[in-house]
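Read through the structure below, which is laid out as structure tokens, and then see the notes.
There are 2 protein chains.
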Amino acid sequence: MFQPIAPRESAVDACAAALRRAILAGELEVGDRLPAERRLAEAFGVNRMTLRGALGQLAAAGLLDVRQGRGHAVRDFRHEGGPDLLPGLSELAATPSERAAIVDDLLRVRRHLARAVLEKLAERSRVDCAPVRRAIDAFAEVVDADSAAVGEADLAVVRAVAGATGSAVLQLCSNPIERAVREMPWLRAVIYASPEHNLVGWRALLAWMEGERSMESIDRIVGLLASRDEAAVARVGEMA
Amino acid sequence: MFQPIAPRESAVDACAAALRRAILAGELEVGDRLPAERRLAEAFGVNRMTLRGALGQLAAAGLLDVRQGRGHAVRDFRHEGGPDLLPGLSELAATPSERAAIVDDLLRVRRHLARAVLEKLAERSRVDCAPVRRAIDAFAEVVDADSAAVGEADLAVVRAVAGATGSAVLQLCSNPIERAVREMPWLRAVIYASPEHNLVGWRALLAWMEGERSMESIDRIVGLLASRDEAAVARVGEMA
DNA sequence: ATGGTTCATTGGTTCGACCAATTTGTCAAC
DNA sequence: GTTGACAAATTGGTCGAACCAATGAACCAT
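Chains as they are written, first to last, in this note's numbering: chain A, 1 to 240; chain B, 241 to 480.
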């Protein structure tokens, strides 16, 4: 019924968001130098230390090239940025077709990553399916609840499947993708439009995991995911 | 002959690296609360503002859950972290077999991401191959130079291919993977052990891009990548 | 043209202070 | 015993000012 309230955004995060948006929107050309910290802090109406927190975040994300005595230079986020930029980028997408293109590509990556996970599972002789089964059962419990609960349960399933590979690499690579998917509210709405449909997909995957996990049958599972994603992309196109 | 010297690591980055290492090494349990900022700053021998810069980076990366009045809690990096953690994680891998496993999985993800890129290229009716051709020609020029130049030219080719898709999503998703690969010195050495072998792979890809780009032929190109990666993994295993 | 010097600019770090959210302890009221 | 109100301690968030250190441009002597 009640959900934890989100803590107010700090001044540091607000400054970081403003700068990030300006970079993603192309208002700052690649190679451009930001105003000096003292001036920029004054422009934002915050202390220089507060602004430095924001600049530090962008620099750590690879969006800024900062060197003492020279200033902060804008780097090419298409070369240095990660998928965590996609939510912000999608908010700048004006037309539904642009959004649909983003969704199409993001789900495509997600699907191919899933293929990597399945391939890894197929190579392993023994796989612990119990956590996955538990997560899917929990998903079935909340299939009629609000979309927030559905999304949470779905994420738990994804994590369980990734964890079943026993590979930290596959988990770490899928985390930013999953987070990007879930930080786009309209995409989440589309993906969980009919949770019971997601459930049958999960059950098919579980059956595959508990079976012989042959390489040849991977295509069939991925095909299921592809049709699911295709429907989601179509729904985004209809949102207009 | 001469290469630009790397700027000295700042105190903020040093603190961030120390904290990150402690988290990755499991010295801090998930849910544990870090010492208060004032105490931690004293322990590191830096000012509280400096330490806050480091904590802000880790929090922005999702490794810490920070709330006013409560402190900094360690989150599960397997659930929240990204592929940018892999270099640090690989340095903690003691045995060669552990490293080989990381390489195997990382190159697997990279390969499947490449498949996504090829699939996207195959769907596009017209693809601008000129930048890719230029990048590959530049790669051929430095094939006998030092490994740093080879790596740089190789990255340029990867970026050109990703850029040819016209999809920001595919670029952003591949960036962290490529960066992770290149931030592991021993992995870089293995990948560019015989640059002329990489070159023939690139030329095959270019020929495919300039051809009809059929979906069926994607398997052949990915197969080339798979054999290339398999050799790299074998080399890592031999490093002992 | 070359190399050295000076100097303004800019980021990096430090210190001290205060504000704000959270937790904990205390105690009165029921 | 439970509840609620309240105060105190703890902790992160912000601020202001000062100084250190790297950079680059201007200038000058050779």
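Think of the CB as a built atom: it goes at the ideal place given N, C-alpha and C, for glycine as much as any other residue. Source: prediction; values computed, not measured.
Limits of the unbroken alpha helix (DSSP H) element including residue i
i: glycine 311 of chain B; result: From DSSP, glycine 311 of chain B is part of no alpha helix (DSSP H) but of the beta strand (DSSP E) over 311-314.
i: valine 476 of chain B; result: 458-479
i: alanine 334 of chain B; result: Note, alanine 334 of chain B: premise wrong, no alpha helix (DSSP H); not H, not E.
i: arginine 143 of chain A; result: Checking the sequence shown, residue 143 of chain A turns out to be valine, not arginine. Valine 143 of chain A -> no alpha helix (DSSP H), and no H or E assigned at all.
i: glycine 441 of chain B; result: 435-450
i: glycine 293 of chain B; result: 288-300
i: arginine 213 of chain A; result: First-last for arginine 213 of chain A: undefined, no H or E at that position.
i: valine 252 of chain B; result: 251-264
i: serine 414 of chain B; result: 408-422
i: leucine 187 of chain A; result: 185-191
8 Å Cβ cutoff met for residue i and residue j
i: proline 435 of chain B; j: valine 390 of chain B; result: yes
i: aspartate 229 of chain A; j: serine 407 of chain B; result: no
i: isoleucine 177 of chain A; j: cysteine 413 of chain B; result: yes
i: glycine 69 of chain A; j: valine 252 of chain B; result: no
i: valine 30 of chain A; j: arginine 75 of chain A; result: yes
i: glycine 81 of chain A; j: arginine 33 of chain A; result: no
i: alanine 300 of chain B; j: alanine 60 of chain A; result: yes
i: alanine 94 of chain A; j: glycine 237 of chain A; result: no
i: leucine 58 of chain A; j: arginine 20 of chain A; result: yes
i: alanine 160 of chain A; j: valine 127 of chain A; result: no
i: alanine 294 of chain B; j: alanine 246 of chain B; result: no
i: alanine 116 of chain A; j: arginine 460 of chain B; result: no
i: isoleucine 218 of chain A; j: leucine 118 of chain A; result: yes
i: phenylalanine 317 of chain B; j: leucine 326 of chain B; result: no
i: alanine 429 of chain B; j: serine 387 of chain B; result: yes
i: phenylalanine 139 of chain A; j: tryptophan 202 of chain A; result: yes
i: alanine 122 of chain A; j: arginine 213 of chain A; result: yes
For residue i, the residue or residues it bridges with in DSSP
i: valine 306 of chain B; result: B/His312
i: arginine 33 of chain A; result: A/Ala73
Within-8 Å CB hit, residue i to chain A
i: aspartate 459 of chain B; result: no
i: histidine 312 of chain B; result: no
i: leucine 446 of chain B; result: no
i: glutamine 411 of chain B; result: yes
i: leucine 462 of chain B; result: The sequence shown places valine at residue 462 of chain B, not leucine. Valine 462 of chain B does not count as touching chain A.
i: aspartate 394 of chain B; result: no
i: glutamine 243 of chain B; result: no
i: leucine 332 of chain B; result: no
i: alanine 356 of chain B; result: yes
i: alanine 471 of chain B; result: no
i: alanine 353 of chain B; result: For the sequence presented, residue 353 of chain B should be read as leucine rather than alanine. For leucine 353 of chain B, the answer is yes, since a Cβ of chain A falls inside 8 Å of its Cβ.
i: isoleucine 263 of chain B; result: no
i: aspartate 377 of chain B; result: no
i: glycine 391 of chain B; result: no
i: proline 425 of chain B; result: no
Residue i classed as buried or exposed, judged by whether at least 16 other C-beta atoms fall within 10 angstroms
i: methionine 215 of chain A; result: exposed
i: glycine 328 of chain B; result: buried
i: alanine 375 of chain B; result: buried
i: alanine 433 of chain B; result: exposed
i: methionine 479 of chain B; result: exposed
i: alanine 370 of chain B; result: exposed
i: proline 323 of chain B; result: buried
i: glutamine 411 of chain B; result: buried
i: phenylalanine 2 of chain A; result: exposed
i: serine 90 of chain A; result: buried
i: aspartate 394 of chain B; result: buried
i: alanine 25 of chain A; result: exposed
i: histidine 112 of chain A; result: buried
i: asparagine 198 of chain A; result: buried
i: glycine 285 of chain B; result: exposed
i: alanine 404 of chain B; result: buried
Any C-beta of chain B under 8 Å from that of residue i
i: leucine 251 of chain A; result: Because residue 251 of chain A is not part of the residues shown, which for chain A are 1 to 240, the question remains open.
i: methionine 49 of chain A; result: yes
i: histidine 197 of chain A; result: no
i: glutamate 80 of chain A; result: yes
i: valine 12 of chain A; result: yes
i: isoleucine 177 of chain A; result: yes
i: arginine 60 of chain A; result: For the record, residue 60 of chain A in the displayed sequence is alanine; it is not arginine. Yes - at least one Cβ of chain B is within 8 Å of the one on alanine 60 of chain A.
i: valine 109 of chain A; result: yes
i: proline 96 of chain A; result: no
i: serine 167 of chain A; result: yes
i: leucine 34 of chain A; result: no
i: arginine 228 of chain A; result: no
i: isoleucine 191 of chain A; result: no
Check: residue i C-beta below 7 Å from any heavy atom of the ligand FMN
i: glutamate 212 of chain A; result: Looking at this structure, you won't find the ligand FMN or any other ligand, since it has none at all.
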